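Visitor: The sequence shown maps to residues -19 to 282 in the working numbering. Glycine included, every Cβ here is placed at the ideal spot set by N, Cα and C. In this text, all values refer to a predicted model and were calculated from it rather than measured experimentally. The structure is given below, and queries will be raised subsequently.
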Amino acid sequence: MAKKERSVTDVIKEHEASGTYFQVDGLRTFALKYGRGETVLCIHGVPTSSFLYRKVLRSLEKKGYKGIAIDLPGLGLTERPENFDYSFSNLADFVYNAAKVLKLKKFHLVVHDIGGPIGFALAARHANRIMSLTILNTWIDVVNFKKPVVMRPFEKRVLGEAELKMMTHLTWPVMFRQMGVVNSSRISPAEMNAYVDLLKREDNGKAFLKIMRSFESSESFRNLCYKAVQNTSYPVQAIWGANDPALQLDTYGKEIEKAAGLQEIHQLRSRHFLQEEAWLAIADKIIELAKSVHLKTVKKEA
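Structure, rendered in structure tokens:
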């Protein structure tokens, strides 16, 4: 008898069972957690959630690390209050408070998409907590950032609501393949469509639209982002889905390479959702950087 394919509901139930709920600033918050050992804290972007990191976290677990990805307010399984401040700056404070509730004194930080500016603000404000920083497809020059075509409709009233309504189990897989992955055979249709259901949930994506309309672009916030990658006490690396049609390597990757003074960007054959098809390579690079921290510590103590 052929094995029955999992439904979207099955996928989300399995995802939820792999994590935990806890209270942060009065919000019921969800975190996906795997493993034990040194902590790798991952910050997701849009229109995603901790679900995007599930394969990376499992790979980290197998290598003796604890992987955690927190659902940002308004996304995934975390609450989405109407009166919440969804600015990058406030979301950075939220993630820091979540880390404190989870008793994460120090951690390796991984950021992606809008999780980039959010994570940069977190790292700049709390550098003593950061052991290493791994940057996946994102941007850092928030002043000059021009939203990719796929993002622009969501910042407009009425148009954004209409665009969101058109994101369904029929249309999303097409967009996912075009924007997200090179090899879609590595993710099932049910997993693809779990993104839609985790995005919309009980508020039909209203909080997501608020996030898309709350991007920070001030010079002071850009300076904060730069502080996270310049003259840091922790090592920084960038890993890029080199075929990303939205946050292109030649523009945004090179921007980060220059800002952080990196010698290279590790390029992977993927598009924007590189965690879905290059999770092993990502986990290996995170661990490689984490081990370099220990090597440096040992040499300093010798």
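What do you get for T0, buried or exposed, if any count of 16 or more other CB atoms within 10 angstroms of its CB means buried?
Guide: Residue environment analysis places T0 among the exposed positions, since fewer than 16 neighbouring C-beta atoms fall within 10 angstroms of its C-beta.
Visitor: What residue does the beta strand (DSSP E) around W220 start on, and which one ends it?
Guide: 216 to 221
Visitor: By the three-class DSSP mapping on this structure, what secondary structure does F74 have?
Guide: The answer is helix: DSSP assigns F74 an H, G or I state.
Visitor: If we call anything under 7 Å between Cβ atoms a contact, is G221 one with H246?
Guide: no
Visitor: With C-beta atoms as the reference, is A101 less than 7 Å away from S69?
Guide: Yes, the pair counts as a contact, with Cβ atoms nearer than the cut-off.
Visitor: Quickly, what does DSSP pair G47 with across the bridge? List them, please.
Guide: Y14, V20
Visitor: On the three-state DSSP scale, how would you describe V(-12)?
Guide: helix
Visitor: Which stretch, first to last residue, makes up the alpha helix (DSSP H) that contains L284?
Guide: With the chain represented from -19 up to 282, any question about residue 284 goes unanswered, as that position is not in the structure.
Visitor: Does M147 come out as helix, strand or coil in the three-state DSSP assignment?
Guide: coil
Visitor: Put I94 into one of helix, strand or coil per three-state DSSP.
Guide: coil
Visitor: Starting from I120, follow the alpha helix (DSSP H) in both directions and report where the run begins and ends.
Guide: According to the DSSP assignment, I120 belongs to no alpha helix (DSSP H), since it is labelled neither H nor E.
Visitor: What distance in whole Å lies between the Cβ atoms of L254 and S39, which are believed to be in contact at a cut-off of 8 Å?
Guide: 13 Å between Cβ atoms; not a contact.
Visitor: So is L113 buried or exposed if we call it buried at 16+ other beta carbons inside 10 Å?
Guide: Classification of L113: buried, given that the 10 Å Cβ count is 16 or more.
Visitor: Taking the straight line between their C-alpha atoms, what separation do you get for A104 and E(-6)?
Guide: 35 Å
Visitor: If contacts are defined as beta-carbon pairs under 8 Å, then L116 and V90 qualify, I think. What distance do you get, rounded to the angstrom?
Guide: 7 Å
Visitor: Please state the DSSP three-state secondary structure of I115.
Guide: strand
Visitor: On the three-state DSSP scale, how would you describe G25?
Guide: coil
Visitor: Quick test of the definition: if touching needs 3 or more C-beta pairs under 8 Å, does the stretch 182 to 201 touch the stretch 122 to 132?
Guide: Contact holds between the stretch 182 to 201 and the stretch 122 to 132, because three or more Cβ pairs, one in each stretch, are under 8 Å apart.
Visitor: Can you give me the C-alpha to C-alpha distance between V209 and I236, rounded to a whole angstrom?
Guide: 9 Å
Visitor: Using a Cβ-Cβ cutoff of less than 7 Å, which residues in the same chain neighbour S213 once the five nearest sequence positions on both sides are dropped?
Guide: A107
Visitor: Between which two residues does the alpha helix (DSSP H) carrying Y33 extend?
Guide: Where Y33 is concerned, there is no enclosing alpha helix (DSSP H), given that its DSSP letter is neither H nor E.
Visitor: Using three-state DSSP, classify R166 as helix, strand or coil.
Guide: In the structure shown, R166 sits in a helix (DSSP, three-state: H, G or I).
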